[in-house]
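See below for the structure under consideration.
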Amino acid sequence: MSTVIKGGTVVTAGDTFPADVLIEGEQIVALGQGLSGDKVIDASGAYVIPGGIDVHTHLDMPFGGTVSSDDFFTGQRAAAFGGTTMHIDFSIQPKGASLRETLDIWQAKATGKAVIDYGFHVAITDLSEALLEEMAHCAEYGVTSVKLFMAYKGALQVDDTTLFRAMQQAAKHKLLIMVHAENGDAIDVLIKDALAADQLAPKYHALTRPPELEAEATARAVRLAEVSGAPLYVVHLTNAGALEAVRLARARGGAGHIFAETCTQYFFFTKDDLAREGFEGAKWVCSPPFREKHDQVALWQGVADNSLQAVSTDHCPFWFEGGKDGRTPGKELGKASFAQIPNGCPGIEERLMLLYTHGVRTGKLSLNRWVELCSTNPARLFGCYPQKGAVAPGSDADLVIWDPEAKRTLSAATQHQRTDYTLYEGWEVVGAPRTVLSRGQVLVDNGEWKGEAGAGRFVHRRPFGL
1038 MSTVIKGGTV
1048 VTAGDTFPAD
1058 VLIEGEQIVA
1068 LGQGLSGDKV
1078 IDASGAYVIP
1088 GGIDVHTHLD
1098 MPFGGTVSSD
1108 DFFTGQRAAA
1118 FGGTTMHIDF
1128 SIQPKGASLR
1138 ETLDIWQAKA
1148 TGKAVIDYGF
1158 HVAITDLSEA
1168 LLEEMAHCAE
1178 YGVTSVKLFM
1188 AYKGALQVDD
1198 TTLFRAMQQA
1208 AKHKLLIMVH
1218 AENGDAIDVL
1228 IKDALAADQL
1238 APKYHALTRP
1248 PELEAEATAR
1258 AVRLAEVSGA
1268 PLYVVHLTNA
1278 GALEAVRLAR
1288 ARGGAGHIFA
1298 ETCTQYFFFT
1308 KDDLAREGFE
1318 GAKWVCSPPF
1328 REKHDQVALW
1338 QGVADNSLQA
1348 VSTDHCPFWF
1358 EGGKDGRTPG
1368 KELGKASFAQ
1378 IPNGCPGIEE
1388 RLMLLYTHGV
1398 RTGKLSLNRW
1408 VELCSTNPAR
1418 LFGCYPQKGA
1428 VAPGSDADLV
1438 IWDPEAKRTL
1448 SAATQHQRTD
1458 YTLYEGWEVV
1468 GAPRTVLSRG
1478 QVLVDNGEWK
1488 GEAGAGRFVH
1498 RRPFGL
């Protein structure tokens, strides 16, 4: 069974050109003019782009006495409605578990529910000698990226010895080290000081996690990576100081092994949003927190000049008013203290639309750079290019027909993410998916869901640089 996408303009990370796209089974087999197939999809007036790849998500994740509200069906369906056709989720090691056991726990969450293709990072919280040796087998598992937290003291945080030893092992086995870069020790002191002073409102989440502590941890992680020889990927970078540490490392010869992402929400909000009336600011509680307007300017410059290589979402949704109608508890867990608010925001659905509207249409990003940041670079960095992230013969037919003039109003009432709010309530976007395909199968067509639970597959990724 062949499908041809006709009349569109193909947009890749490097080129923009009119072409039909011929699909046989699950793969693209040809690009050209006048192609024919058993089924025709009209892409007139639209772009044909590789499906988005979101390499930073947290579906069905236990955190702070509750669980993130999107599972592998609802979260992936929301991703597809937004034009994302692959994501990489974080499997977080329970204390004492092996890497294989950790990955099996997360695989069980996805089995029977996944609707798009997916991979896993493994997050190490307890680095025993046995686990250090097991890192050598990560490539066999198809999981070639390892995350360590420099924050969340007493829960997820590792010390510098653990971080450095993991980096050394990663260097030996071509694994990409990912870090959540905040100085968790100093943050722990500031949180305790705030609680002692009865400073309990949501805004103190941001005030106890100042940007200097992210910048310091980023610089420290970069230097440890340089000594160990491990490739490093800094997740959810938020501010100018942290960006400076990455930019300096790349300038002194680290462009091939020091990388960083930011997340969509950091372009649009500041710490002032956490100070909204009453408990409303809890919706904006995530880590690292939102910063200042000048940091937003720095982030836009960073994605434009390639100091930042990807834009992800850190999609980690919680109900704002959970604990009713069968919902898991949500943000209300922290009404008495900011320190108890589950950290995380929804966003897997809106990423491509927001970056197109506020990046491409404003001239901050080219069409090609948009594709590069949201699809091609993630595929390259995380070992699945050109299977993913490309519109080329031999690549998986993960494709989005993008209508550049479609208008949508973002709202909790119409979103597909399983939560009762969106940070972007009432925002209008211009540019949205018309049709979304995963390995040649239509998932979304003109707002109608066509996908099937269980159709998504685990992607076995290559070691870094191979």
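The opening residue of the sequence shown carries number 1038 in my numbering; numbering runs sequentially from there.
Positions of the beta carbon are idealized from the N, C-alpha and C atoms, including for glycine.
The beta carbon of S1073 sits closer than 7 Å to the beta carbons of V1041 from its chain, once the five residues preceding and following it are set aside; these are given in chain order.
When secondary structure is reduced to three states using DSSP, H1124 falls in the strand class. The C-beta separation of A1218 from V1264 comes to about 16 Å, leaving the pair out of contact by the 8 Å criterion. Of all alpha-carbon atoms in I1161, A1429, A1492 and E1329, the one lying nearest the alpha-carbon of F1201 is that of I1161. Membership of T1111 in the alpha helix (DSSP H) is indicated by the continuous run T1111 to F1118.
Within the DSSP secondary-structure output, F1054 pairs in a beta bridge with V1047. Straight through space, the alpha carbons of L1140 and A1116 are spaced by roughly 22 Å. In the three-state scheme derived from DSSP, where H, G and I count as helix and E and B as strand, E1061 is classed as strand.
Assignment of E1358 by DSSP, reduced to helix, strand and coil, places it in the coil class. Here G1119 really is in contact with P1470; their C-beta atoms are around 7 Å apart, less than 8 Å. As for any beta strand (DSSP E) of minimum length 3 sitting wholly inside the stretch 1226 to 1271, the runs are 1269 to 1271, ordered along the chain.
Beta-bridge partners assigned by DSSP to C1300: S1349. Contact check for D1197 against R1246 fails: the beta carbons are separated by 9 Å or more. By the Cβ neighbour-count rule, N1483 is exposed, with fewer than 16 other Cβ atoms within 10 Å of its own. Proximity to V1152 across G1315, A1492, H1497 and D1163 peaks at A1492, based on C-alpha coordinates. DSSP places R1284 within a helical segment (H, G or I) once states are collapsed to three. Shown here, K1076 sits in a strand according to DSSP, grouped into three states. A1373 carries a coil assignment under DSSP once its states are collapsed to helix, strand and coil. Using a 10 angstroms sphere on the CB of F1127, the tally of other CB atoms reaches 16 or more, which defines it as buried. Residue range L1436 to T1446 is occupied by the beta strand (DSSP E) that includes D1440. For P1326, the closest C-alpha among the options A1376, A1067 and H1210 is that of A1376.
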